[in-house]
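When the letters of the sequence shown are read in order and numbered with our numbering, they come out as residues 169 to 558.
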Amino acid sequence: MERRGIAILGSTGSIGKTTLEVIGAHPDRFRVVALTANKSADTLLEQARNQNAELAVLADDDSLPAERVDGCRLACGTDAVLEAATHPDVEIVVNGLVGAAGLEPTLVALEGGKRVALANKESLVVGGPLVMRALAEKGGELIPVDSEHSAVFQCLQGSGADAVRRLVLTASGGPFRDRDPAELVTVTPKEALRHPTWDMGAKITIDSATLVNKALEVVEAHFLFGVPYERVDVVIHPQSIVHSLVEFDDGSVLAQLGYPTMAIPVLYALTYPERLPYPARSLDLAEVGSLSFESVAPGRFPAFELGCEAARSGGTAPAAFNAASEAAVAAFLDGKLPFTGIAQVIGDVLDRHEIEEVTSLEVVRRVDSWAREAAAASLKAREPMTGRKR
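Below, the structure written as structure tokens:
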């Protein structure tokens with residue numbers, strides 16, 4: 169059997185490293201053709217050397233090292249990232265990029281008829297209509313890698329969206345789900361980066377603490393599965409064992425369960441519709457003991473509520489929400505904004521945003537740029553933070 173060529177966008181991040189582990193379990197089925205990273209040159213070169221990659225890309229033009237890898241072309245810049253996503257020897261593009269920067273690679277890969285294993289939820293959040301149009305017109309495939317959407321995707325096999333009564337996405341609730349809201353203003357980046365069940369990158373870990381991540385996933389589910397927003401629910405599930413549920417029109421409910429690991433959804437996105445062996449830990453329900461669920465308490469996660477409101481507003485509102493969130497989280501991680509200020513900055517930006525229809529990549533870029541400038545203005549208007557713990 170001929171090995172399938174893989175491009176991993178964001179190979180030095182959490183999803184990228186997991187993908188390399190999964191590929192390593194099945195070297196007879198996959199080969200790494202292209203790898204991309206933002207700035208982590210040393211790690212990228214090591215990966216390229218270990219995988220015998222043909223192309224290694226650093227998105228940051230200023231990060232190109234002098235070192236080279238035999239048999240591997242080293243390139244830099246955003247155009248080179250797009251080249252990796254459209255490489256003729258690549259069949260599957262794993263998009264593990266962080267943020268709105270992942271949209272254009274998703275589009276060009278789909279337009280090239282490739283399978284996109286999508287971990288970059290922002291592609292659908294900021295450019296959902298563009299992605300779905302490219303998918304419909306160009307014959308590519310879009311397979312979700314997010315654990316929640318992979319769970320829904322697996323539960324839906326053999327059934328269409330027209331048979332779905334509702335989707336239920338689960339959320340761990342993050343590290344502060346039981347913290348007194350009045351105490352959240354003093355939360356430090358170090359505290360917020362301690363996720364109770366998942367090992368993820370910094371941005372997504374903070375988004376899990378604010379539930380911004382779940383708002384983004386609501387938008388993602390809407391586009392991926394064609395289900396109206398009013399039929400996408402979210403519940404808090406601290407154990408992170410049930411990854412999502414699908415309730416069908418006949419009242420049946422299917423769920424996908426497993427210990428928290430991204431390896432299984434990554435592997436399924438690469439092998440679908442097959443299932444290949446993987447040494448994942450077997451689920452022991454007796455050991456787990458009990459599973460608990462609770463509603464998202466109104467007012468508890470204001471950024472989540474803003475995200476859901478933006479989703480229902482449609483058009484460019486989710487793109488503005490996403491850009492404002494990225495800017496606010498960066499400020500929080502840099503010690504320039506309190507944890508509770510994240511939702512406040514997002515709210516400031518959405519209050520000023522004039523919603524447009526998402527008709528082109530240019531519209532998305534313009535709104536993204538505007539929202540970041542609006543977030544910067546909101547941050548500047550706030551009192552400077554001094555002496556915050558990191």
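We put the beta carbon where it would ideally sit given N, CA and C, even for glycine.
- Within the DSSP bridge table, the entry for leucine 413 names Val336, Ala423 as partners.
- The continuous stretches of beta strand (DSSP E) do not include cysteine 476, which lies in the alpha helix (DSSP H) extending over residues 470-481.
- If you check the CB distance, alanine 545 and alanine 488 do not come in under 8 Å.
- Contact annotation: serine 182 and glycine 369 have beta-carbon atoms nearer than 8 Å.
- Taken atom to atom, the span from the alpha-carbon of glutamate 251 to that of valine 261 is near 11 Å.
- Taking 8 Å as the cut-off, the beta carbon of proline 470 is found closer than this to the beta carbon of alanine 511.
- Rounded to the nearest whole angstrom, the CA to CA distance from asparagine 206 to alanine 268 is 14 Å.
- Alanine 339 sits away from histidine 411, with the two beta carbons spaced by 8 Å or more.
- Secondary structure within the segment 279-358: the alpha helix (DSSP H) runs of 4 or more consecutive residues, fully enclosed, are 290-306, 315-323 (chain order).
- Histidine 255 is positioned such that its CB atom lies no closer than 8 Å to that of alanine 329.
- A Cβ-Cβ separation of about 3 Å places glycine 270 in contact with asparagine 288 under the 8 Å criterion.
- In this structure, glycine 483 keeps its C-beta atom at 8 Å or more from the C-beta atom of glutamate 530.
- Apart from the 5 residues on each side of it in sequence, valine 353 sits with its Cβ closer than 8 Å to the Cβ of Pro506, Phe507, Thr508 in its chain, given in chain order.
- From the listed residues Val299, Ser460, Ala431, the smallest Cα separation to proline 445 is found for Ala431.
- Ranked by Cα distance from asparagine 263, the first of Tyr440, Asp375, Ser291 is Ser291.
- Counting the other Cβ atoms within 10 Å of the Cβ of valine 456 gives fewer than 16, which makes it exposed.
- Taking the C-beta atoms as reference points, threonine 180 is found no nearer than 8 Å to leucine 223.
- Checking the DSSP bridge columns, you'll see threonine 204 partnered with Leu177, Val225.
- Taking the Cα positions, proline 466 is about 8 Å away from glutamate 473.
- For alanine 465, there is no enclosing beta strand (DSSP E), as DSSP marks it with neither H nor E.
- According to the DSSP assignment, isoleucine 523 belongs to no beta strand (DSSP E), since it is labelled neither H nor E.
- For methionine 300, the closest C-alpha among the options Leu278, Ser315, Lys504 is that of Leu278.
- Counting along the chain, leucine 242 sits inside no alpha helix (DSSP H); it lies in the beta strand (DSSP E) bounded by residues 241-244.
- With contacts defined as CB atoms closer than 8 Å, arginine 334 and aspartate 401 qualify as a contacting pair.
- Burial check for asparagine 381: the Cβ neighbour count within 10 Å reaches 16 or more, so the residue is buried.
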